[in-house]
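Visitor: In the working numbering, the protein residues as written are 306 to 924.
Even glycine gets a Cβ: it sits at the ideal position worked out from N, Cα and C.
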Ligand SMILES: Cc1cc2nc3c(=O)[nH]c(=O)nc-3n(C[C@H](O)[C@H](O)[C@H](O)COP(=O)(O)OP(=O)(O)OC[C@H]3O[C@@H](n4cnc5c(N)ncnc54)[C@H](O)[C@@H]3O)c2cc1C
């Protein structure tokens, strides 16, 4: 351990993760905290990190309030509908009322926006989406963060949060290691904003073996955003609400521009509109939710899954009509070039020209996220002017640990933020974090050297384990005394896949399977004490795995707690197949006791603030 040099940094605002939310937080922290020390720590390099690393073709959340295209209330209703009623409307409204100003800054900073030639407005892909030439999206927002921060640390993975030893339940910073130099980094901080993205690869992916990295969600998103606060004892919400995506098969190319702009549509292998076929069956399960417009994403998945199980696959996207128009054909291809080049390569390798062949679609393995059409994440305080008492404890986007804030995928209950909304939420969290410091709430924080040293020993343990255990390797990578990160990851993915509603069971689970899954996850946790790492890259893999495993426990506990099938098409509780509004029209909240490792669960009311306020105004 002594061979790993320790660096100490003291700062006011520490941003963990420099993706969309982290760059937004870093930028805004400087705006409000002119004299504060602001540091951003990123596992990769912020120029090309996070879910937007490769670029995007559309900004999926823009109200267009300047042209009265949409109002924040409309967006709240939209997100509520898509999530089958279960969102934090205070958080969604707060994001929506600020998101346009974020997009206008992106425009000023040089992000190439497509314009409607007739109106001069941003070119709409759909009601909420505007189209961009977004290959350079991430470097542009990274530049804003770089100009705002006192220091950006790249290539440092944060492994643990530090806690204040002077006052209970107050954060004191974070620790991590540099995966290039191997050095240990201690960041003592007055506030910490966790913005570390969501979680892929906790469920076994469809693409395994040599294709393992080819998932819809970025393979490097490993759930640190959840594991860091869970380990420290923060409350989480809606962690059962994993997302399954309907995307082009094998390359996971996006379908948004195809559906919305190119007006392509889906059919089964016999050329039939299969969604209609499953209407009555779906109505049996979820009642009137199936009549909502637009049809909630999970219910469209449900029809897809049922049709495939009934033998109607492969499901296809009908591109052959739209692609006869040369302009739409160009848009179809450019959509991939700005965002998912791999899909174009897959089609080329499979001899698919979408002008003549309707490409296959698939449903992905589940992912855990808080910013897409899904709302898993931390339980945070909302803004004081909107939030009911249960949702408000002083500072916007503060978790249930004092001084610890979240944004983007980290924050639960607020779906449909996407890239622009995540950046916006980072801004909101940073503004509140600065206020927290100004209000003198972060005085007298004490993080002892012992706490840091204890974490240091833990962080490097996989290297020590390997150093000893490699002498017992019996062949290849087989050793009785350690498991490698990839072995542990595959074991985790199988547990989640087979017991918690992955692709192996067509997203089906039940109480018995979940309980068994929890047992297996507990044994995995024990064995992860013996994970070995042969170099710093593998050390990162080891910590990514530990974060994934803890996130998975939380997902499983939540899935067990909610005794209904709220989102058919995302997952099914076979023992409670119907949506149950009488008992489960509520948010689920968990807390893991850091001392015992035990989770406790509770129901919290879901308040429909937008229409309640309107009802009050009317009466
Ligand atoms: C496949 C895909 C397609 C999408 N398409 C669109 C679209 O077309 N339009 C749109 O508007 N939005 C889109 N989104 C949504 C958008 O990308 C996300 O909403 C947004 O990136 C979330 O921001 P975030 O900061 O929470 O996470 P990210 O942007 O993913 O950033 C998380 C950051 O944290 C870092 N990190 C992780 N762990 C650690 C750690 N332990 N220590 C230090 N750093 C860490 C990561 O490296 C990363 O840089 C898409 C998302 C995905 C996954």
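According to DSSP, which residues form a beta bridge with residue 861?
Guide: Locating residue 861 in the chain shown gives position 556, counting from the first residue. The partner list for residue 861 (beta bridge, DSSP) is empty, contrary to what the question assumes.
Visitor: Rounded to a whole number of angstroms, what is the C-alpha to C-alpha distance between residue 665 and residue 624?
Guide: Counted from its first residue, the chain shown places residue 665 at position 360. Counted from its first residue, the chain shown places residue 624 at position 319. Whole-angstrom Cα-Cα distance: 10 Å.
Visitor: Alpha carbon to alpha carbon, what distance is there between residue 863 and residue 802?
Guide: Residue numbering aside, residue 802 sits at position 497 when the chain shown is read from its first letter. Residue numbering aside, residue 863 sits at position 558 when the chain shown is read from its first letter. Residue 802 and residue 863: Cα-Cα distance of roughly 16 Å.
Visitor: In this structure, how does DSSP classify residue 645 when only helix, strand and coil are distinguished?
Guide: Residue mapping note: residue 645 aligns to position 340 of the chain shown, counting from 1. In this structure, residue 645 counts as coil in the three-state DSSP scheme.
Visitor: I need the straight-line Cα distance from residue 602 to residue 366, nearest angstrom please.
Guide: In the chain shown, counting from the first residue as 1, residue 602 sits at position 297. In the chain shown, counting from the first residue as 1, residue 366 sits at position 61. Rounded to whole angstroms, residue 602 to residue 366 spans 16 Å at the Cα level.
Visitor: Looking only at its own chain, which residues have a Cβ that is under 6 Å from the Cβ of residue 471, when we skip the five neighbours before and after it?
Guide: Counting from 1 along the chain shown, the entry for residue 471 is found at position 166. If we look at residue 471 and ignore the five residues flanking it on each side, its Cβ neighbours are 749 and 751.
Visitor: Mind checking who residue 483 pairs with in its DSSP beta bridge?
Guide: Within the chain shown, numbered from 1, the residue matching residue 483 stands at position 178. Paired residues: 461.
Visitor: Is residue 723 near ligand 1, with its Cβ less than 8 Å from a heavy atom?
Guide: In the chain shown, the residue the question calls residue 723 occupies position 418. Within the cutoff, so yes.
Visitor: Taking 9 Å as the threshold (C-beta atoms), are residue 459 and residue 323 in contact?
Guide: In the chain shown, counting from the first residue as 1, residue 323 sits at position 18. In the chain shown, counting from the first residue as 1, residue 459 sits at position 154. A contact, by the Cβ cut-off of 9 Å.
Visitor: On a Cα-Cα basis, can you pick out the residue from 474, 525, 571 and 351 that is closest to residue 536?
Guide: Start at 1 with the first residue of the chain shown, and residue 536 comes out as number 231. Residue 536 has its Cα closest to that of 474, out of 474, 525, 571 and 351.
Visitor: For residue 595 and residue 312, what's the separation of their Cα atoms in angstroms?
Guide: Residue mapping note: residue 595 aligns to position 290 of the chain shown, counting from 1. Residue mapping note: residue 312 aligns to position 7 of the chain shown, counting from 1. Their Cα atoms are separated by approximately 56 Å.
Visitor: Taking its Cβ as the centre, do 16 or more other Cβ atoms sit within 10 Å of residue 415, making it buried, or is it exposed?
Guide: Here residue 415 refers to the residue found at position 110 when the chain shown is read from its first residue. Exposed, by the Cβ-count rule.
Visitor: In chain order, which continuous runs of the alpha helix (DSSP H) of length 4 or greater are located wholly inside the segment 416 to 469?
Guide: With a minimum length of 4 residues, the continuous alpha helix (DSSP H) runs that stay inside the segment 416 to 469 are 442 to 453.
Visitor: What would DSSP say about residue 296, mapped onto helix, strand or coil?
Guide: Here the chain covers residues 306 to 924 and nothing more, so residue 296 does not appear.
Visitor: Starting from residue 765, follow the alpha helix (DSSP H) in both directions and report where the run begins and ends.
Guide: On the chain shown, position 460 is the one that residue 765 refers to. Run containing residue 765: 754 to 774, per the alpha helix (DSSP H) assignment.
Visitor: Between the C-alpha atoms of residue 482 and residue 852, what's the straight-line distance to the nearest angstrom?
Guide: Against the chain shown, residue 482 aligns to sequence position 177. Against the chain shown, residue 852 aligns to sequence position 547. Using only the alpha carbons, I get a separation of about 15 Å.
Visitor: Just to check, is the beta-carbon of residue 364 closer than 8 Å to a non-hydrogen atom of ligand 1?
Guide: Counted from its first residue, the chain shown places residue 364 at position 59. Yes.
Visitor: Quick check on DSSP: helix, strand or coil for residue 607?
Guide: By one-based count along the chain shown, residue 607 stands at place 302. Three-state result, residue 607: helix.
Visitor: Any contact between the segment 715 to 722 and the segment 622 to 639? By contact I mean 3 or more CB pairs, one from each, below 8 Å.
Guide: Counting Cβ pairs under 8 Å, fewer than three are found: no touch.
Visitor: Could you give the distance in angstroms between the alpha-carbon of residue 556 and the alpha-carbon of residue 360?
Guide: Here the question's residue 556 lines up with position 251 in the chain shown. Here the question's residue 360 lines up with position 55 in the chain shown. Their Cα atoms are separated by approximately 16 Å.
Visitor: Compare the C-alpha of residue 489 against each of 677, 866, 310 and 518 and name the closest.
Guide: Here residue 489 refers to the residue found at position 184 when the chain shown is read from its first residue. If we check each option's Cα against that of residue 489, 310 comes out closest.
Visitor: Looking only at C-alpha atoms, which of 746, 703, 815 and 832 sits nearest to residue 788?
Guide: Against the chain shown, residue 788 aligns to sequence position 483. Out of 746, 703, 815 and 832, 832 has the C-alpha closest to the C-alpha of residue 788.
Visitor: Would you be able to state if there are at least three C-beta pairs under 8 Å between the segment 681 to 693 and the segment 602 to 614?
Guide: Taking 8 Å as the limit for Cβ pairs, the verdict is that the segment 681 to 693 does not touch the segment 602 to 614.
Visitor: Nearest to residue 389 by alpha carbon, out of 840, 875, 854 and 769?
Guide: On the chain shown, residue 389 is found 84 positions in, with the first residue counted as 1. The shortest C-alpha separation from residue 389 is found at 875.
Visitor: In this structure, how does DSSP classify residue 821 when only helix, strand and coil are distinguished?
Guide: Looking up residue 821 in the chain shown gives position 516. DSSP places residue 821 in helix when its eight states are reduced to three.
Visitor: According to the Cβ coordinates, are residue 546 and residue 681 closer than 9 Å?
Guide: Here the question's residue 546 lines up with position 241 in the chain shown. Here the question's residue 681 lines up with position 376 in the chain shown. In contact: residue 546 and residue 681 (Cβ atoms closer than 9 Å).
Visitor: Candidates 816, 798 and 660: which alpha carbon is nearest residue 808's?
Guide: Here residue 808 corresponds to residue number 503 of the chain shown, with the count starting at 1. Looking at the Cα atoms, 798 is the closest of the given residues.
Visitor: For residue 878 versus residue 816, is the C-beta distance shorter than 9 Å?
Guide: By 1-based counting over the chain shown, the position of residue 878 is 573. By 1-based counting over the chain shown, the position of residue 816 is 511. Yes; because the gap between Cβ atoms is below 9 Å, this pair is in contact.
Visitor: CB residue 907 to CB residue 885, shorter than 9 Å?
Guide: As a first step, residue 907 is located in the chain shown; it is residue number 602 there, counting from the start. As a first step, residue 885 is located in the chain shown; it is residue number 580 there, counting from the start. It is not a contact, given that the beta carbons lie outside the stated cut-off.
Visitor: Is residue 793 near ligand 3 - that is, is its Cβ less than 8 Å away from at least one heavy atom of it?
Guide: Ligand 3 is not among the ligands present in this structure, which contains only ligand 1.
Visitor: Taking only three categories from DSSP, how would you classify residue 697?
Guide: Your numbering for residue 697 matches position 392 in the chain shown. In this structure, residue 697 counts as coil in the three-state DSSP scheme.
Visitor: What does the Cβ neighbour count give for residue 762, buried or exposed, with the cut at 16 atoms within 10 Å?
Guide: Looking up residue 762 in the chain shown gives position 457. By the 10 Å Cβ count, residue 762 comes out exposed.
Visitor: Are residue 621 and residue 572 closer than 9 Å when you measure CB to CB?
Guide: Against the chain shown, residue 621 aligns to sequence position 316. Against the chain shown, residue 572 aligns to sequence position 267. Cβ distance < 9 Å, so residue 621 and residue 572 count as in contact.
Visitor: In terms of DSSP beta bridges, what is residue 910 paired with?
Guide: Taking the first residue of the chain shown as position 1, residue 910 is located at position 605. Its beta-bridge partners are 891.
Visitor: So, is residue 721 buried or exposed, given that buried needs 16 or more other C-beta atoms within 10 angstroms?
Guide: Working through the chain shown from its first residue, we reach residue 721 at position 416. Buried, by the Cβ-count rule.
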